[in-house]
Structure formats: C-alpha cells, structure tokens
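Enquirer: Numbering (the numbering used here), first residue to last: 1 to 137.
In this text, a Cβ means the ideal position worked out from N, Cα and C, and glycines have one as well.
Since this is a predicted model, take the numbers as computed values, not measurements.
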Amino acid sequence: MEFRITNDGNEKDIAEIHKMLKEYNLSKREKSEDIPLGIYLEDENGNKQAGLTADIFGNWLCIHYLFVSERLRGHGVGKELVVAAENEAIMRGCKYSFVDTFSFQAPEFYSKLGYKEVFSLQEYPYTGARYYYTKEL
C-alpha cells in the first residue's frame, strides 16, 4: 500500500470516501432519516430570488444554505424563510436547529432569531471567522 496525494478534487475519489464513511457511520449509530427540505421564493417567471436548503436529521433541522437576492435584503425575507423552515421542522418532530455562517454573512441575523453561538473558528480562512449556532425549537 502507498499514499497517493492529489490536488485535483477528483469527484470519484471523494464519492468513494464519502460512501465508505457513510456506510461505517450507518452501521454504528441509531437509525434516523436524512430528509431534504427546500423553501424557495420565485418571481413570476420562476426565477429564484431567495431560498433555504436544509436537511431534517432525526431531532435536528440542519440549515445548509440561505440566500436572499440583494434587492430583497432588509425586507424580512430571510427571517420568513428561516421561520418557515423551523415550523416545518417542528411539524416533522424536530427539537433543535443548527446553522453555520461566516463573519461577513449573517451572525447577527441568526442571533436575532434566537440562535446561540456554540463554537467559532477564528482567523478563518485567514482574517475572518466562522460561527456555529444552535437553537431549541
């Protein structure tokens, strides 16, 4: 055996490692579904203007991406998306929510929505920060 070091981010290699880790994890932890959740705001032509993507994983709503177009920012659209996701998660039996965000994105936004910082990475990647938040639903 020997190590192979690459810089190419080969999707086949990544998928293979992901598959092996997922199989291992599933063999060791309690069973739970990982259910995708998407909430989108589209204009009259079907073009996305804002959206939130997440997974419901056991007791947790895991928010992956939240985006609001520049022209809609500051009008409560982001809050509406998060609240809609939280309400849907509660209806599906979730007790908690998790999200991470960068210092230039929305740490204050999530704090105002009741999220509590549980961890941060400073100097990420060099001069910024990455914050991890949770909230009890």
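Look up Phe3 in the DSSP assignment and give the residues it is bridged to.
Expert: Looking at the DSSP assignment, Phe3 forms no beta bridge with any residue, so it has no partner.
Enquirer: Under the three-state reduction of DSSP, which class applies to Phe109: helix, strand or coil?
Expert: Phe109 falls in the helix class under three-state DSSP.
Enquirer: Under the assumption that Leu61 contacts Ala84 (Cβ atoms under 8 Å), give the Cβ distance between them as a whole number of angstroms.
Expert: No, Leu61 and Ala84 are not in contact; Cβ-Cβ is about 11 Å, not under 8 Å.
Enquirer: Do you know offhand how far Gly93's Cα is from Glu86's?
Expert: C-alpha separation (whole angstroms): 10 Å.
Enquirer: Going by DSSP, which residues form a beta bridge with Gly38?
Expert: Paired residue(s): Thr53.
Enquirer: Between which residues of its own chain and Ile17 is the CB-CB distance below 7 Å, once the five residues before and five after are set aside?
Expert: There are no such residues.
Enquirer: Along the chain, where does the beta strand (DSSP E) containing Leu72 start, and where does it finish?
Expert: Segment: none, Leu72 is in no beta strand (DSSP E) and carries neither H nor E.
Enquirer: Following the continuous beta strand (DSSP E) through Tyr131, name the residue where it begins and the one where it ends.
Expert: Segment Ala129 to Glu136, the beta strand (DSSP E) holding Tyr131.
Enquirer: Going by other Cβ atoms of all chains shown within 10 Å of its Cβ, with 16 needed for buried, is Tyr131 buried or exposed?
Expert: Under this definition Tyr131 is a buried residue.
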